[in-house]
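Working notes, beginning with the structure itself.
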Amino acid sequence: MEYSQRSNKFVTLFKKSMLIGELTKKTGLSRDTIRFYEKKGLLKVERTSSEFNNYKEYTPKHLQRLLLIKKAKRFGFTLNEIADLLEKIDENGANCSMLRKVIDDKIEDINRQIQELQDFKASILSEVQVAQTNCTASNEIDNCEQVNKINKVLI
């Protein structure tokens, strides 16, 4: 790509303001998602004061904020965690130590979830092994005895 093409692309990406349709194209988020983020207070947008329309105009800062939200969601942060982070950013309180703690907490949470999933997998594999070893169904119509045992425990 030539310099002029890159330059035009950059200018197009960060022009002064845009409507929601253009914002959806640049972020890959749906209109409903963007509006949901507005309702949740993650994105603050004012309507234009034009006498001809009542559109909301989004700035490069809105685009940047939405891309940050999208990336944080991809990293597994909840909307509440993202809201807390955005609040810190808005208050100019997102210093390095705070950000490191947020990341460390998220990594700890992910490690806990991984352990829970590994434990769950081991439990399932154990039950499958027991079922394979003890299955005495006389034909394909009868339930496996392990299913009947599980039902008795649950009832």
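Sequential numbering of the sequence shown, starting at 2, is according to the numbering used here.
For each residue, glycine too, the CB sits at the ideal point set by N, CA and C.
By how many angstroms is the C-alpha of residue j removed from the C-alpha of residue i?
i      : j      : result
Asn55  : Val46  : 12 Å
Gln6   : Leu80  : Its pLDDT being 49, under 50, Gln6 is placed unreliably in this model, and the value from its coordinates should be taken loosely. About 36 Å.
Ile90  : Ile115 : 30 Å
Ala123 : Val148 : 18 Å
Asp106 : Lys26  : 33 Å
Ile108 : Arg48  : 39 Å
Tyr4   : Lys17  : The predicted model places Tyr4 with a pLDDT of 44, which falls under 50 and marks its position as unreliable; any figure quoted below should be read in that light. Each residue's Cα considered, the two are about 21 Å apart.
Phe121 : Glu23  : 44 Å
Gln173 : Asp110 : With the chain represented from 2 up to 156, any question about residue 173 goes unanswered, as that position is not in the structure.
Asn96  : Arg75  : 22 Å
Arg32  : Tyr38  : 10 Å
Asn93  : Asn112 : 30 Å
Ile125 : Glu117 : 12 Å
Thr82  : Gln130 : Strictly speaking, residue 82 in this sequence is Glu, with Thr absent from that position. Distance between the alpha carbons of Glu82 and Gln130: 40 Å.
Asn144 : Phe78  : 42 Å
Thr1   : Gln119 : Here the chain covers residues 2 to 156 and nothing more, so residue 1 does not appear.
Rounded to the nearest angstrom, how far is the Cβ of residue i from that of residue j, given a contact under 8 Å?
i      : j      : result
Leu43  : Ala73  : Between Ala73 and Leu43 the Cβ distance is about 10 Å, and since that is not below 8 Å, they are no contact.
Val71  : Thr28  : Here residue 71 is Lys; the residue named in the question, Val, does not match the sequence. Confirmed, Cβ separation roughly 6 Å.
Asn135 : Glu146 : 6 Å
Check each candidate in the options and name the one with the smallest Cα separation from residue i.
i     : options                       : result
Phe58 : Ile35, Leu68, Arg75           : Note on residue identity: the sequence assigns Glu, not Phe, to residue 58. Taking only the C-alpha atoms, the option nearest Glu58 is Ile35.
Leu69 : Leu126, Leu30, Cys145, Phe121 : Leu30
Glu88 : Phe37, Lys26, Gln133, Lys41   : Lys41
Leu86 : Leu24, Val103, Ile125         : Val103
Leu67 : Leu126, Ile21, Asn96, Asp110  : Ile21
If we call anything under 9 Å between Cβ atoms a contact, is residue i one with residue j?
i     : j     : result
Met19 : Leu64 : yes
If you measure from the CB of residue i, is any heavy atom of the ligand HEM nearer than 8 Å?
i      : result
Val103 : Of the ligands one can find in the structure shown there are none, so the ligand HEM has no counterpart to examine.
Query raised in the report: In the region 40 to 111, which residue ranges form an unbroken alpha helix (DSSP H) of at least 4 residues, counting only runs that do not cross its ends?
Result: 61 to 75, 80 to 91
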